[in-house]
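Novice: First, the structure itself, so that you have it in front of you.
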Amino acid sequence: MKLYSATRSHDISLHQVHDEDGGRIRYQRRCEVCEKKIDYDHIEKAYDDGEDTVVITDEDLKAMPAEEEKEIEVVQFVPDEQIDPMMFEKSYYLEPASKNPKAYALLRETLEEAGRTAIVTFALRSRTRLAALRVRDDVIVLQTMLWADEIRSSDGVSSGGEAKISARERKMARSLVDQFSEDFEPEQFVDEYQEQLRTLIEEKLEHGDAIDTDATFGDVDEGEAEGGDVIDLMEALKRSVDERRKSAPKKSGSSSKSSSSKKASGGRSAGKKRAGATSKAESSAKPSAKKGSAKKGSSKTGAEKKASAKKGSATKAFARKGSSEAEGSSTKKSPAKSKKSA
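Numbered as in full-length UniProt numbering, the sequence shown ends at 342 without a single skipped number.
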């Protein structure tokens with residue numbers, strides 16, 4: 001079978017230059033003993049245990065039994081949910097060999113019907129790999145995995161279990177989850193940093209170094225520019241809920257309707273009171289401005305009054321609900337032994 005990389009990086013590639021003349025920075029392979037520049041042909045791998053150094057040649061590596069293994073060996077079939085996502089590394093599309101496509105088709109159909117993932121071992125770039133086989137778009141995908149001893153334990157990492165959480169905070173957090181609950185669509189997410197970097201490069205290519213960053217990117221919010229290491233989770237939840245409501249047309253529209261309905265119903269009820277107070281004086285020859293407006297406000301039909309009352313009570317209930325919802329929302333790598341190892 002043939003392997004084809006199933007993923008790619010969209011990051012813009014940058015290199016280093018001298019700030020004075022723009023010259024490219026080059027790194028040379030030099031021996032720290034003789035200080036000579038060394039070609040790849042004269043470079044070997046070695047392991048240093050702190051006292052002694054063991055040199056491992058290409059011939060040594062080729063003599064290892066695992067190096068000779070060229071086949072993908074299926075070890076077992078396991079339920080998908082039993083594989084910790086932390087174990088997955090890189091993904092490859094698996095293509096059948098032209099001589100034997102039947103075995104590929106049989107494995108693909110078996111995986112689909114069984115609803116399980118195949119765990120396999122194979123050799124790739126002089127190393128034995130652990131991987132999972134699954135079907136995606138009628139093609140078998142091979143995902144390389146970390147070995148069990150490569151997953152660090154979470155012992156010593158605080159889980160925040162000792163923190164006291166109030167019922168109000170739980171309600172707010174749950175409200176946030178409910179408002180942001182959607183089906184995952186990866187296409188809707190954009191790498192803003194890479195887009196802005198591309199914009200910056202295009203602007204500098206067109207206008208040179210003297211570019212107006214404010215005109216290019218717009219004004220940056222002062223709070224965002226300053227940043228901060230400490231985040232108040234509750235404040236973040238509140239802001240998220242508020243921003244979510246503002247960005248949702250339906251919710252913001254109903255909210256504005258609610259407030260306007262309150263004002264309107266309040267005005268009508270006031271009008272009714274004034275109308276009742278001045279009903280005896282309707283026959284007077286010189287009615288006051290208040291009496292006139294009251295009469296006009298009370299000229300609604302019975303059906304309109306009932307509809308107004310229902311709408312007012314409904315908006316009050318919605319307002320109470322909205323109020324309750326509003327109340328409710330380095331790592332430093334250790335020295336890598338792999339650099340020293342074969």
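We put the CB at the ideal spot given by N, CA and C, even for glycine.
1) From A215 to E206, what distance separates their C-alpha atoms?
2) I want to see whether chain C comes within less than 9 Å of P65, judged by CB atoms only; does it?
3) Tell me the DSSP secondary structure of P96 in three-state form.
4) Return the CA-CA distance between E35 and R29, expressed in angstroms with no decimal places.
5) Report all residues from its chain with a CB closer than 7 Å to the CB of F88; omit the five preceding and five following residues, and keep chain order.
6) Hey, quick one: how far does the alpha helix (DSSP H) through V177 stretch, first residue to last?
7) Going by CA-CA distance only, name the one from L124, V120 and L133 that's closest to L111.
8) With a floor of 3 residues, list each beta strand (DSSP E) that falls wholly inside the UniProt domain "Ku" (35-162), ordered by position along the chain.
9) Rounded to whole angstroms, what is the Cα-Cα separation between V54 and V74?
10) Note down the Cα distance separating I151 from I25, rounded to an integer number of angstroms.
11) Confirm, please, whether the CB-CB distance from P96 to M1 is below 9 Å.
12) Using a Cβ-Cβ cutoff of less than 6 Å, which residues in the same chain neighbour Q179 once the five nearest sequence positions on both sides are dropped?
13) Check each candidate in Y47, S126 and L237 and name the one with the smallest Cα separation from R168.
14) Given a cut-off of 9 Å, decide if I119 and V78 are closer than it, judged by their beta-carbon atoms.
15) At what residues does the beta strand (DSSP E) containing L3 begin and finish?
16) I'd like the span of the alpha helix (DSSP H) that includes A215, first residue to last.
17) Between S330 and the rest of its own chain, which residues show a CB-CB distance below 8 Å, the 5 nearest in sequence each way excluded?
18) Measuring straight from C-alpha to C-alpha, what distance separates D19 and D212?
19) With a threshold of 16 other CB atoms inside 10 Å of the CB of L94, please say whether the residue is buried or exposed.
20) Can you tell me which of the three DSSP states R24 falls into?
21) Thinking Q194 and I12 are a contact (beta carbons under 8 Å), I'd like their distance in whole angstroms, please.
22) Can you name the residues that DSSP bridges to V17?
23) So T117 and D80 are supposed to be a Cβ contact under 8 Å. How far apart are they, rounded?
24) For a quick check, are the C-beta atoms of L3 and L107 less than 9 Å apart?
25) According to DSSP, is R8 helix, strand or coil?
26) Starting from the Cα of R239, find the closest Cα among T199, V190, S175 and P186 and give me that residue.
27) Please go through the same chain and pick out, in chain order, the residues whose beta-carbon is closer than 6 Å to the beta-carbon of E44, but skip the five residues on each side of it.
28) Pick helix, strand or coil for R30, following the three-state DSSP scheme.
29) Can you name the start and end residues of the alpha helix (DSSP H) that Q196 belongs to?
30) Give the DSSP-derived three-state secondary structure of D183 in the structure shown.
31) In angstroms with no decimal places, state the Cα-to-Cα distance between V33 and H42.
32) Cutting at 8 Å between CB atoms, please list the residues of its own chain near A105, excluding the five before and the five after it.
Specialist: This is what the structure gives:
1) Spanning the two alpha carbons is a distance of roughly 14 Å.
2) Absence of chain C from the displayed structure is noted, only one protein chain being present.
3) DSSP places P96 in coil when its eight states are reduced to three.
4) Taking the Cα positions, E35 is about 9 Å away from R29.
5) Within its own chain, the residues whose Cβ lies closer than 7 Å to the Cβ of F88, once the five positions on either side in sequence are excluded, are Q143 and M145, listed in chain order.
6) Unbroken alpha helix (DSSP H) run through V177: A167 to F180.
7) A check of alpha carbon separations from L111 across L124, V120 and L133 identifies L133 as the nearest.
8) Listed in chain order, they are 45-48, 53-56, 73-79, 88-95, 116-124, 127-136 and 139-145.
9) Each residue's alpha carbon lies about 34 Å from the other.
10) In this structure, the straight-line span from the alpha carbon of I151 to that of I25 is close to 36 Å.
11) It is a contact, given that the beta carbons lie within the stated cut-off.
12) Here the set comprises R244.
13) It is L237 whose Cα lies nearest to the Cα of R168.
14) Yes, Cβ-Cβ distance for V78 and I119 is below 9 Å.
15) Run containing L3: K2 to S5, per the beta strand (DSSP E) assignment.
16) Counting along the chain, the alpha helix (DSSP H) containing A215 begins and ends at T213 to F217.
17) Because the pLDDT of S330 is 41, which lies under 50, any placement of that residue in the model is unreliable, and the question is left without a value.
18) The straight-line gap from Cα to Cα measures roughly 21 Å.
19) By the neighbour-count rule (16 or more Cβ atoms within 10 Å), L94 is buried.
20) R24: strand per DSSP, three-state reduction.
21) With 8 Å as the limit, Q194 and I12 qualify as a contact, their Cβ atoms being about 6 Å apart.
22) In DSSP, V17 forms a bridge with R24.
23) In this structure T117 touches D80 by the C-beta definition: roughly 5 Å separates them, less than 8 Å.
24) No, these two residues do not count as a Cβ contact at 9 Å.
25) Residue state for R8 is assigned as coil, using DSSP reduced to three classes.
26) Of the residues T199, V190, S175 and P186, the one whose Cα lies closest to the Cα of R239 is S175.
27) Here the set comprises V55 and T57.
28) Correct three-state label for R30: strand.
29) Where Q196 is concerned, the enclosing alpha helix (DSSP H) stretches over E192 to H207.
30) DSSP, read as helix, strand or coil, puts D183 in coil.
31) Distance between the alpha carbons of V33 and H42: 14 Å.
32) Taking C-beta separations shorter than 8 Å and ignoring five residues to either side along the sequence, the partners of A105 in its chain run P96, following chain order.
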